[in-house]
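A.B. asks: What follows is a single structure, and I will ask about it in a moment.
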Amino acid sequence: MKAIIFDLDGVVVDTAKYHYLAWRKLAGELGFEFDISNNERLKGVSRMESLSIVLETGGMKGFTEEEKKELADRKNKYYLQMIRDIDESEILPGIPEFIAGLKERNYKIALGSASKSGRMILEKLKLAGLFDAIVDGNLVERAKPDPQVFVTAAELLKIPCESCIVVEDAEAGIEAARAGGMHSIGVGSKELLKEADIIVESTAELTGLMEALPLYRKN
Ligand code: BG6
Ligand code: MG
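Right, dumping it as structure tokens:
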């Protein structure tokens with residue numbers, strides 16, 4: 010393994026809760042409650058697909074494409090307001106140590122996120138400079154479980170897909186890693202992420218896995 014590709018929301022930073030709160034606010038305005046039990050389905054999927062899921066849970070139909078675009082833009086506006094002041098304190102436990110250890114071992118690291126705010130968030134967290142490649146929702150057309158986001162990251166790193174490990178908290182993300190011929194580490198529930206090669210409950214456990222990774226010479 011020579012590269013680690015990180016998902017963003019729910020792996021590097023706890024932004025999944027802000028996505029949820031922004032959708033919940035939108036749902037409230039449309040007159041229904043978006044329950045946390047449906048939130049898992051939104052993880053890793055694109056903004057427009059998330060909107061379809063949210064509307065479906067509220068039993069809402071018949072919106073034109075233009076109206077859907079307005080709703081998605083409104084949710085994004087709420088989300089951007091919520092993350093306006095995000096900083097290093099919201100990086101998930103163990104992530105800085107894991108990244109530092111990977112760098113020492115000469116692993117390449119990349120971001121593979123569905124979010125159009127991916128690069129901006131990494132910059133706010135002061136992590137962007139550590140990443141050898143950043144692929145976010147602005148660079149890809151097909152959302153996870155399509156592997157495009159991870160395959161693009163591997164191409165930018167010039168590392169073959171089979172030498173990459175993806176770290177993901179979403180079922181759609183693990184499916185995407187597998188579809189791209191990559192290895193995967195799932196962070197979260199053993200039941201939901203059962204297709205991952207390794208599952209940890211929290212990002213704090215990632216540094217423990219690193220001990221088993223080989224060292225590479227530079228270049
Ligand atoms: C993913 C999140 O990382 O990005 C999804 O898990 C989100 O919940 C998706 O919908 C798209 O994000 P954005 O910021 O482009 O709306
Ligand atoms: Mg995620």
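Take the sequence shown: its position 130, counted from the start at 1, is 139 in my numbering, and no numbers get skipped.
By construction, the Cβ of each residue, glycine as well, lies at the ideal position given by its N, Cα and C atoms.
How is the alpha helix (DSSP H) around G217 delimited, first residue to last?
C.D. replies: Run containing G217: L215 to M219, per the alpha helix (DSSP H) assignment.
A.B. asks: Determine, for K203, whether the minimum Cβ-Cβ distance to residues of chain D falls below 8 Å.
C.D. replies: Going by chain labels, chain D is absent from the structure shown, which holds only one protein chain.
A.B. asks: Tell me, to the nearest whole angstrom, how far the beta carbon of I104 is from that of V21; I am working on the premise that it is less than 8 Å.
C.D. replies: So it is a contact: roughly 6 Å between Cβ atoms.
A.B. asks: Taking contact to mean at least 3 C-beta pairs separated by less than 8 Å, is the segment 48 to 61 in contact with the segment 163 to 179?
C.D. replies: Yes, the segment 48 to 61 is in contact with the segment 163 to 179.
A.B. asks: Three or more C-beta pairs closer than 8 Å, one from the segment 91 to 108 and one from the segment 23 to 32: is that the case here?
C.D. replies: Short answer: they touch.
A.B. asks: Give the range of the alpha helix (DSSP H) segment to which E177 is assigned.
C.D. replies: Careful: E177 lies outside any alpha helix (DSSP H), inside the beta strand (DSSP E) at C173 to E177.
A.B. asks: Would the beta-carbon of D94 fall within 8 Å of that of L134?
C.D. replies: No; because the gap between Cβ atoms is not below 8 Å, this pair is not in contact.
A.B. asks: Which residues neighbour ligand 1 when neighbourhood means a C-beta less than 7 Å away from any of its non-hydrogen atoms? List them by chain order.
C.D. replies: Answer in sequence order: D16, L17, D18, G19, A25, H28, L51, K52, G53, V54, S55, R56, S59, N85, Y88, S122, A123, S124, K125, S126, G146 and A179.
A.B. asks: When DSSP labels each residue in this structure, what does S61 get in the three-state scheme?
C.D. replies: Three-state result, S61: helix.
A.B. asks: Just to confirm my understanding: we take R83, look at its own chain, exclude 5 residues before and 5 after, and list those with CB closer than 7 Å. What are they?
C.D. replies: The answer, listed in chain order, is L35.
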